[in-house]
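Taken in order, these protein sequences are the chains called A and B. Numbered as in this note's numbering, the first sequence ends at 258 without a single skipped number. Numbered as in this note's numbering, the second sequence ends at 512 without a single skipped number. Here a beta-carbon is modelled for each residue, glycine too, at the ideal position from N, C-alpha and C. See below for the structure under consideration.
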Amino acid sequence: MSAPAVALDGVGFRRPGAAAPALEAIYLSIAAGEVVALVGPSGAGKSTLLTLLDGRLRGWTGCATTLGRALYPDRPPPRAARAETGFVFQSFALVERATARRNVLNGRLGRMPLLPSLMGRARPEDDAAASAALREVGLLDAAVTRVDRLSGGQRQRVALARCLAQEPRLILADEPVASLDPRRAREALRLLADLAISRGATLIFSSHQPALALEVATRAVALREGRIAFDGPAKELTETALEDVYGAAPRASLRLAG
Amino acid sequence: MTGRAGALASWWPGLLVAALVLWSAATLEADLSRVAAAGPRLGAFIARMAPPDLSVWPEVLDGLLETLRIAVVGTLGAILLSAILGPAAAATVSPGWIVRPARVLLALLRAVPLIIVAMLMVSAVGLGPLPGILAVLIHGTGMLAKYYAEAIDDVDPAAAAALESAGAGLLQRLRFAVWPQMAPAALRDTIFRFELNLRESLILGVVGAGGIGLHIQTYVRSFQFEKAATATLAVVAAVLLIEALNGALRRRVA
Numbered sequence: 001m002s003a004p005a006v007a008l009d010g011v012g013f014r015r016p017g018a019a020a021p022a023l024e025a026i027y028l029s030i031a032a033g034e035v036v037a038l039v040g041p042s043g044a045g046k047s048t049l050l051t052l053l054d055g056r057l058r059g060w061t062g063c064a065t066t067l068g069r070a071l072y073p074d075r076p077p078p079r080a081a082r083a084e085t086g087f088v089f090q091s092f093a094l095v096e097r098a099t100a101r102r103n104v105l106n107g108r109l110g111r112m113p114l115l116p117s118l119m120g121r122a123r124p125e126d127d128a129a130a131s132a133a134l135r136e137v138g139l140l141d142a143a144v145t146r147v148d149r150l151s152g153g154q155r156q157r158v159a160l161a162r163c164l165a166q167e168p169r170l171i172l173a174d175e176p177v178a179s180l181d182p183r184r185a186r187e188a189l190r191l192l193a194d195l196a197i198s199r200g201a202t203l204i205f206s207s208h209q210p211a212l213a214l215e216v217a218t219r220a221v222a223l224r225e226g227r228i229a230f231d232g233p234a235k236e237l238t239e240t241a242l243e244d245v246y247g248a249a250p251r252a253s254l255r256l257a258g
Numbered sequence: 259m260t261g262r263a264g265a266l267a268s269w270w271p272g273l274l275v276a277a278l279v280l281w282s283a284a285t286l287e288a289d290l291s292r293v294a295a296a297g298p299r300l301g302a303f304i305a306r307m308a309p310p311d312l313s314v315w316p317e318v319l320d321g322l323l324e325t326l327r328i329a330v331v332g333t334l335g336a337i338l339l340s341a342i343l344g345p346a347a348a349a350t351v352s353p354g355w356i357v358r359p360a361r362v363l364l365a366l367l368r369a370v371p372l373i374i375v376a377m378l379m380v381s382a383v384g385l386g387p388l389p390g391i392l393a394v395l396i397h398g399t400g401m402l403a404k405y406y407a408e409a410i411d412d413v414d415p416a417a418a419a420a421l422e423s424a425g426a427g428l429l430q431r432l433r434f435a436v437w438p439q440m441a442p443a444a445l446r447d448t449i450f451r452f453e454l455n456l457r458e459s460l461i462l463g464v465v466g467a468g469g470i471g472l473h474i475q476t477y478v479r480s481f482q483f484e485k486a487a488t489a490t491l492a493v494v495a496a497v498l499l500i501e502a503l504n505g506a507l508r509r510r511v512a
């Protein structure tokens, strides 16, 4: 059996000066190919956990591996490891003045040789990966359009294509559809899950819309105050169980969206 | 805050300006009757300038081109120096113990007028275009490096973080996330600084730092007003030309 995509063993994290820990005693094992929804109220630690898995958090405690490689709390992972883990940012984090294609190619930088990449030269396989990713998100026609001329939904798909062009084996997505309207959010999340599954990649995404998230995911992990409050099949995370996770949150926010 | 104190707080800048104007006008001993007599004298002066003596045109053109070269080389030096001092003064890329002294240094460079820097340079390296170049370089860096620092600080760090997450190294992040975001502002500011350098270096010759200013100085001192007229007209034409070119350039990088 291959190594799990994610293995966390007693992971904790406290922000400097914070009274309560942001993450506490997290034990989690996620097998390759799973589609996992990370739910929970804001401030529960979802973003912190995803940032840690992406190797961008410093000063945490415990043991963590992704794709069979250890993460270290004091330094970022090496280039090759970073290239294997893709991240979709809530704010998309695109270079606004560059074209969609350039932004997607930026996802390949971790795999490109340094000097040619600095001169803007892409190898045939980089061009092919960028074109394939743009085609898969339906943006091949907008490849040479500058990102600041694209709509919110199109930008989201550029960000997704950049992650796909990276050819990651683990995809982390932090509130990837939070800035889209409900219909587009559902479409985008489905697309993200379908593309991850078709590539055999593991997908872990967070969402503050649990109903929508559970439509797509096979497994749900709920965080509350930095601890895992639920971990199991998505369909077992019922509204009653969600109320436990969200505490006194108004029921309306939990209701199925649309 | 009570109403009265609030009213005072909003009135004091106006009162200050009024006091400043009254004090200036009342104490300068500027005899306005002399303005009335100025018309005929000015007319006589301009009459002595006409017609401009175009025979000095080659000399004037030489001076203008020397000014242009001083501005080009001085600006280039300022760009190179700012490429180091700009990032040093940018809080998002440099630590505080470098940023603060760098900003103080740049503020000092900006505070000294170009003509005074030029006088210092003339006494340091002698007459000719070299002190002019050094003056433009030093004075221009004070502003240009500050602009570069602002352009760097305005860059959204999210895109660079995303590229780091994808495995990009530092140089790749600078090239593909930081540079594309700061380039338009940096280019616009560089063109603007070049225009200022060119305008300001027209006068450098007056203190012996090379360029067209020297000719104007010589003609006026030796009462050759027809020749001074030619040089003055050339300067006016050059400034208008620079402004038009700069406008066109800036529209292209927007």
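Determine the direct distance from the alpha carbon of residue j to that of residue i, and round the result to whole angstroms.
{"i": "Gly62/A", "j": "Gly10/A", "result": "5 Å"}
{"i": "Asp244/A", "j": "Leu67/A", "result": "32 Å"}
{"i": "Met307/B", "j": "Asp320/B", "result": "21 Å"}
{"i": "Phe205/A", "j": "Ala196/A", "result": "11 Å"}
{"i": "Val494/B", "j": "Ile470/B", "result": "12 Å"}
{"i": "Ala143/A", "j": "Ser151/A", "result": "14 Å"}
{"i": "Pro4/A", "j": "Gly33/A", "result": "9 Å"}
{"i": "Ser42/A", "j": "His208/A", "result": "7 Å"}
{"i": "Asp74/A", "j": "Val6/A", "result": "19 Å"}
{"i": "Ala25/A", "j": "Val413/B", "result": "37 Å"}
{"i": "Leu460/B", "j": "Ala365/B", "result": "24 Å"}
{"i": "Ser313/B", "j": "Ala489/B", "result": "11 Å"}
{"i": "Thr476/B", "j": "Val465/B", "result": "11 Å"}
{"i": "Val370/B", "j": "Leu498/B", "result": "26 Å"}
{"i": "Asp259/A", "j": "Leu28/A", "result": "Beyond the ends of chain A as shown, which are 1 and 258, falls residue 259/A; an answer cannot be given."}
{"i": "Thr218/A", "j": "Leu507/B", "result": "56 Å"}
{"i": "Ala277/B", "j": "Ala267/B", "result": "16 Å"}
{"i": "Ile500/B", "j": "Thr448/B", "result": "14 Å"}
{"i": "Arg446/B", "j": "Val331/B", "result": "18 Å"}
{"i": "Leu273/B", "j": "His473/B", "result": "46 Å"}
{"i": "Ala295/B", "j": "Glu484/B", "result": "24 Å"}
{"i": "Leu597/B", "j": "Leu388/B", "result": "Summary: the structure shown does not reach residue 597/B, with chain B confined to residues 259 through 512, and so no result is reported for it."}
{"i": "Leu261/A", "j": "Glu453/B", "result": "The question about residue 261/A has no answer here: the residues shown for chain A are numbered 1 through 258."}
{"i": "Ala418/B", "j": "Ala173/A", "result": "17 Å"}
{"i": "Glu125/A", "j": "Pro442/B", "result": "31 Å"}
{"i": "Gly468/B", "j": "Leu323/B", "result": "11 Å"}
Does DSSP classify residue i as helix, strand or coil?
{"i": "Ser47/A", "result": "helix"}
{"i": "Pro77/A", "result": "coil"}
{"i": "Gly59/A", "result": "coil"}
{"i": "Leu203/A", "result": "strand"}
{"i": "Leu38/A", "result": "strand"}
{"i": "Ala403/B", "result": "helix"}
{"i": "Pro442/B", "result": "helix"}
{"i": "Arg368/B", "result": "helix"}
{"i": "Arg227/A", "result": "strand"}
{"i": "Arg358/B", "result": "helix"}
{"i": "Leu52/A", "result": "helix"}
{"i": "Pro250/A", "result": "The predicted model places Pro250/A with a pLDDT of 45, which falls under 50 and marks its position as unreliable; any figure quoted below should be read in that light. Pro250/A: coil per DSSP, three-state reduction."}
{"i": "Pro176/A", "result": "coil"}
{"i": "Ser117/A", "result": "helix"}
Can you give me the start and stop residues for the beta strand (DSSP E) that residue i sits inside?
{"i": "Arg108/A", "result": "Looking at the DSSP string, Arg108/A is not in any beta strand (DSSP E), and its letter there is neither H nor E."}
{"i": "Ser29/A", "result": "23 to 30"}
Look up residue i in the DSSP assignment and give the residues it is bridged to.
{"i": "Asp411/B", "result": "Note: Asp411/B sits in no beta bridge, so no partner."}
{"i": "Pro233/A", "result": "Arg219/A"}
{"i": "Gly12/A", "result": "Thr61/A"}
{"i": "Gly273/A", "result": "No statement about residue 273/A is possible, as the shown extent of chain A runs from 1 to 258 and does not include it."}
{"i": "Ala70/A", "result": "Thr65/A"}
{"i": "Thr99/A", "result": "Arg146/A"}
{"i": "Val6/A", "result": "Ile30/A, Thr66/A"}
Does residue i come within less than 7 Å of chain C when only Cβ atoms are used?
{"i": "Gln90/A", "result": "The chain inventory of the structure shown lacks chain C, comprising the protein chains A and B."}
I need the boundaries of the alpha helix (DSSP H) containing residue i, first residue and last residue.
{"i": "Asp244/A", "result": "239 to 246"}
{"i": "Leu460/B", "result": "Where Leu460/B is concerned, there is no enclosing alpha helix (DSSP H), given that its DSSP letter is neither H nor E."}
{"i": "Tyr477/B", "result": "470 to 479"}
{"i": "Val375/B", "result": "372 to 383"}
{"i": "Pro353/B", "result": "From DSSP, Pro353/B is part of no alpha helix (DSSP H); its letter is neither H nor E."}
{"i": "Leu507/B", "result": "483 to 511"}
{"i": "Ala188/A", "result": "182 to 198"}
{"i": "Ser131/A", "result": "124 to 136"}
{"i": "Gln430/B", "result": "428 to 431"}
Between residue i and the ligand ATP, is there a pair consisting of the residue's CB and a ligand heavy atom that are separated by less than 6 Å?
{"i": "Pro316/B", "result": "Looking for the ligand ATP in the displayed structure turns up nothing, as the structure carries no ligands at all."}
Segments of 4+ residues assigned as alpha helix (DSSP H) that fall wholly inside the stretch 267 to 327 of chain B
Counting only unbroken stretches of 4 or more residues, the alpha helix (DSSP H) elements lying wholly within the stretch 267 to 327 of chain B are 291 to 294, 296 to 307, in sequence order.
Segments assigned alpha helix (DSSP H), at least 4 residues, entirely inside the stretch 139 to 168 of chain A
Counting whole runs of 4 or more residues, the stretch 139 to 168 of chain A contains the alpha helix (DSSP H) stretches 152 to 165.
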